[in-house]
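Student: Just dropping this structure here.
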RNA sequence: CGGGAUGUAGCGCAGCUUGGUAGCGCACCUCGCUUGGGACGAGGGGGUCGCAGGUUCGAAUCCUGUCAUCCCGACCA
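In the numbering used here, the protein residues as written are 328 to 916.
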């Protein structure tokens, strides 16, 4: 490709509306252009990168025995009614109506469609197992799209779905995908960690997310907190929404601090745990913290030992909800008649729920840390009052569940070593769905005995566009992008310093033609620009290699530069060609 | 959904307080000059100042509404 013809516009400055480096660089280097909030044009350079990521994914999926197909982007409401998700998926699902008034939606994921496909196409156990995948655009009307391609509303995804006749079969399919995923990300130049995670709206029991770890605290691109164990024989790693830990022993009996009697005490202006603990001269470990949530429009009171904090996803799962938010202070006062900091679980069943909420009683869920507490302190549902010396016998027994957010330094649940936390970008995920969709949608086959059985399903996603953006997050410097060779839009940039110099231009042309015939993806920067302009653009765009043909050609030498390492070699033109081919060979088919 | 900020040429911004012919840098076009890290000179093209109302002789500027974009929050009671 001649640079003078390449449709790209690099910018001298970073865009003002971008926050993370991948967004800034991809816009500035002319890869993407925003069309609407969270919706981008993939310009020619970007599209080449995306196709390369796609092809790596495609090759590894095919090698793992999966078959590619393509499902519609627009889906009918009725399928989502069948699975039950039309009413629970929420606003992220972009809904529309066709001219006949029929409900449709833009595909945020394809469990419903693939289950319908399998229902029609798989009749016998002899056809199993099967794994089908596609690569296409998805649309999710995110609450808050941001960070460019890392969290867009429209994005490119590979989604695969496996169908098995047994749990063992599913586990094999799952393991095969896990293996393929490591290869895929490795080939894309990304080191990933598979972490246990919550399965969220997709459903299912076992799931892992593939995280590109971002150690840099200044970098916001890693949107997930990942807890992990550094013990090499252990390898425990989990998303914060799923992580568990072993806690140190703590003093949890209020009697040790003189609060063995159940009574109401004045605790003026103690709106925080710190203030309350200081006022009563007790540690937070004998205070039971109460937090009010609104989950699927039901009122939920969550309880936890007050030195610990809640993990909202866990709370949501514990009460079987799909959406959760903490109650606003005004809401809370309207319900409990006490201001924030003074609500508690005593006589909670008598609290009347206002009409705008669902449910007749407040759902109470307590963290496992609360179970062993004795003579503890709770809010009295009266401003400036608390109860002390409370025991579980004084309260209705709540549901106990793990709803606690793990903290760094707590002990690994598997080996007892301390846990560490870091940020991560989720580039892929794998789920064991089980029969959630096949049962709901009556997708069945006949087994060896002629009996009807629901498919045992798994689903496996990779964010293609997010993977490309994550690669930029991990591979850049102050001058621009440093693409891993496998996913770079072009392999090499040939820069004749002065296109008016006949010898320079002639040699550059020859190198260009030789590389093209060797199937190397080369760009010839034939623009009548000064060298500085071409160099800046080359670094910004991120070509892995550069061949500069300048004055030294008069002595028979050109310059060969490696973007990643900054190494520069002074070589003869033929050697430069050979060197490039040697570097690129593993990436040419 | 709550809070904050911003909308002026493709990009980055000034002008608004105090209403009076729409500006700067980059990018783009032409000519000259230059050619190893975003040169220089001269000339040029491009904007109904987000949109809609209002006030006024006159609105980018003041007022009202609306839309969009970005950030923070949606968390520790």
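Even for Gly, the Cβ is constructed at its ideal location relative to N, Cα and C.
No experiment lies behind these values; they were computed from the predicted model shown.
Work out the CA separation of residue 474 and residue 412 for me, nearest whole Å.
Tutor: 28 Å
Student: Assign residue 334 to one of two classes, buried (16 or more other C-beta atoms within 10 Å of its C-beta) or exposed (fewer than that).
Tutor: exposed
Student: For residue 874 and residue 819, which I take to be in contact (beta-carbon distance under 8 Å), what is that distance rounded to the nearest angstrom?
Tutor: 6 Å between Cβ atoms; contact.
Student: Could you tell me the boundaries of the alpha helix (DSSP H) in which residue 862 lies?
Tutor: Note, residue 862: alpha helix (DSSP H), 858-868.
Student: With distances taken Cα to Cα, identify the nearest neighbour of residue 749 among 364, 541, 848.
Tutor: 541
Student: Helix, strand or coil for residue 468 per DSSP?
Tutor: In the displayed model, residue 468 falls within coil according to three-state DSSP, outside both helix and strand.
Student: Buried or exposed: which applies to residue 823, given that a residue is buried once 16 or more other Cβ atoms fall within 10 Å of its Cβ?
Tutor: buried
Student: Express the C-alpha separation of residue 533 and residue 713 in angstroms, rounding to a whole number.
Tutor: 41 Å
Student: Helix, strand or coil for residue 389 per DSSP?
Tutor: helix
Student: For residue 694 versus residue 631, is the C-beta distance shorter than 7 Å?
Tutor: yes
Student: Over what stretch of residues does the beta strand (DSSP E) that includes residue 886 continue unbroken?
Tutor: Unbroken beta strand (DSSP E) run through residue 886: 885-889.
Student: When burial is assigned at 16 or more other CB atoms within 10 Å of the CB, is residue 458 buried or exposed?
Tutor: With 16 or more other Cβ atoms within 10 Å, it is buried.
Student: Check whether the stretch 728-745 and the stretch 755-767 are in contact - that is, three or more C-beta pairs closer than 8 Å.
Tutor: no
Student: Alpha carbon to alpha carbon, how far is residue 835 from residue 821?
Tutor: Their backbone Cα atoms lie some 7 Å apart in a straight line.
Student: Taking the CB atoms as reference points, tell me whether residue 692 and residue 629 lie closer together than 7 Å.
Tutor: yes
Student: Between the Cα of residue 744 and the Cα atoms of 562, 523, 899, which residue gives the shortest distance?
Tutor: 562
Student: Can you give me the Cβ contacts of residue 774 inside the same chain, cut-off strictly under 6 Å, excluding the 5 residues immediately before and after it?
Tutor: 452, 780
Student: Is the beta carbon of residue 409 closer than 7 Å to that of residue 768?
Tutor: yes
Student: Once DSSP output is grouped into helix, strand and coil, what is the label at residue 604?
Tutor: helix
Student: Could you give the distance in angstroms between the alpha-carbon of residue 380 and the alpha-carbon of residue 668?
Tutor: 51 Å
Student: Considering only their Cβ atoms, is the gap separating residue 537 from residue 521 smaller than 7 Å?
Tutor: yes
Student: Out of 910, 372, 367, state which residue places its alpha-carbon closest to the alpha-carbon of residue 808.
Tutor: 372
Student: Would you say the stretch 472-486 touches the stretch 785-804, given that touching needs at least three Cβ pairs under 8 Å?
Tutor: yes
Student: Helix, strand or coil for residue 803, going by three-state DSSP, please let me know.
Tutor: Residue state, collapsed to three classes: strand.
Student: Here's the rule: buried if 16 or more other CB atoms are within 10 angstroms of the residue's CB, otherwise exposed. What is residue 864?
Tutor: buried
Student: In whole angstroms, what is the alpha-carbon distance linking residue 369 and residue 462?
Tutor: 16 Å
Student: Below 8 Å on the Cβ atoms is my guess for residue 811 versus residue 516; work out the distance and round it to an integer in Å.
Tutor: 3 Å
Student: Are the beta-carbon atoms belonging to residue 406 and residue 443 less than 7 Å from one another?
Tutor: yes
Student: Taking the beta strand (DSSP E) that residue 850 belongs to, which residues open and close that run?
Tutor: 849-851
Student: Provide the residue span of the alpha helix (DSSP H) that contains residue 900, from first to last.
Tutor: Residues 900-911.
Student: What is the C-beta distance between residue 854 and residue 330, in whole angstroms, given that I count them as a contact (C-beta under 8 Å)?
Tutor: 5 Å
Student: Let's test the definition: count the other Cβ atoms within 10 Å of the Cβ of residue 394 and tell me whether it reaches 16, buried, or not, exposed.
Tutor: By the 16-neighbour rule on beta-carbons within 10 angstroms, residue 394 is exposed.
Student: May I have a chain-ordered list of the alpha helix (DSSP H) segments no shorter than 4 residues that lie completely inside the stretch 738-792?
Tutor: 763-767
Student: Are the CB atoms of residue 666 and residue 660 within a distance shorter than 7 Å?
Tutor: yes
Student: Measuring only the C-alpha atoms, how far is residue 446 from residue 491?
Tutor: 13 Å
Student: Between which two residues does the alpha helix (DSSP H) carrying residue 496 extend?
Tutor: 494-514
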